[in-house]
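Numbered per mature numbering (1 follows the signal peptide of the UniProt record, and there is no 0), the sequence shown spans residues -25 to -1, 1 to 233.
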Amino acid sequence: MIRRFLLGAAIAVSALATQPLVAHAQEAAEPELLKGDWSFSGIFGTIDKASAQRGLQIYKEVCSNCHGLYEMSYRNIAALGYSDDQVKAFAAQYQVNDTNDDGAVIQRPAKPSDRFVRPFPNEKAARAANNGANPPDLALIVKSREGGVNYVYSILQGYKQAPADVKLADGQYYNIYFTAGGQKIGMPQPLTDGAVTFANGAPNDLKSEAHDVATFLAWAAEPEQDARKRLGVRVMLFLIVLTGALYYAKRKIWADLH
């Protein structure tokens, strides 16, 4: 009986001892996300509007075929440096459903106040067009994924030839950073070198394209981040000045009392 107890205890201890090693091996197998050089990092960082504008172009020409920006209206892009006329022209490229005076459904050019047009009318249509997968909304993708903007940046550059021992089903692709799906992703590679051409001749290699669209999506997830940071800095400066004034007043009052 004692011998069985000791044997069972030894097996349990051995299992516990190997668990960290297994976990460590699994962590080691996951590649570290690429780290982009983000202008908006840190308390004093701000969105690179030129980069975000290029990212919007990439979204429009590539990503919007499958992914929506459900939380955004066309007027929001004015914060990226577009004039009112440019925002109106951008919105007018899309058609939205509306009703006329008779209550009949019609289509009209989108207005700045309209939400970004969705690529599919509903989830079933989205799945039917994407081998059963439902492309996620990109408005909050940076906030909803571990790794944030670096996750998006990495996924866009993570497509590789699948190893010989990895079997991909129809409609699957190999992406080294898509560890949540066992590195098997349902989205074909959206960006390649030269996928988009910019009017100002900005670099359009894969790395630059991934950086620009990730910058745009970081802004889309939190359009007010620049204003919030400016307000935070002002509040901190005010508190510093107030602290100094209160300290001086304290010293002055106690000096008179003594």
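Ideal Cβ positions, reconstructed from N, Cα and C, are used throughout, including at glycine. The structure presented is a predicted model; accordingly, all values stated were derived computationally and were not measured.
In summary, residue 152 is buried, with 16 or more beta-carbon neighbours lying within 10 Å of its beta-carbon over all protein chains present. Judged by beta-carbon spacing, residue 196 lies within the 7 Å limit of residue 115, meaning their Cβ atoms are closer than that value.
If you draw a straight line from the Cα of residue 120 to the Cα of residue 90, it is about 23 Å long. Distance check between residue 16 and each of 108, 100, 80, 124 places 124 closest, using alpha-carbon atoms only. Per DSSP, the unbroken alpha helix (DSSP H) holding residue 187 starts and ends at 181 to 196. Residue pairing for residue 89: DSSP places it in no beta bridge. Our two residues, residue 100 and residue 107, have alpha carbons roughly 9 Å apart in a direct line. Three or more Cβ pairs closer than 8 Å define a contact, and the region 18 to 36 falls short of that threshold against the region 145 to 160. Note that the C-beta distance between residue 26 and residue 187 is below 7 Å. According to DSSP, residue 150 shares a beta bridge with 134.
Assignment of residue 140 by DSSP, reduced to helix, strand and coil, places it in the coil class. A distance below 7 Å separates the beta carbons of residue 184 and residue 166.
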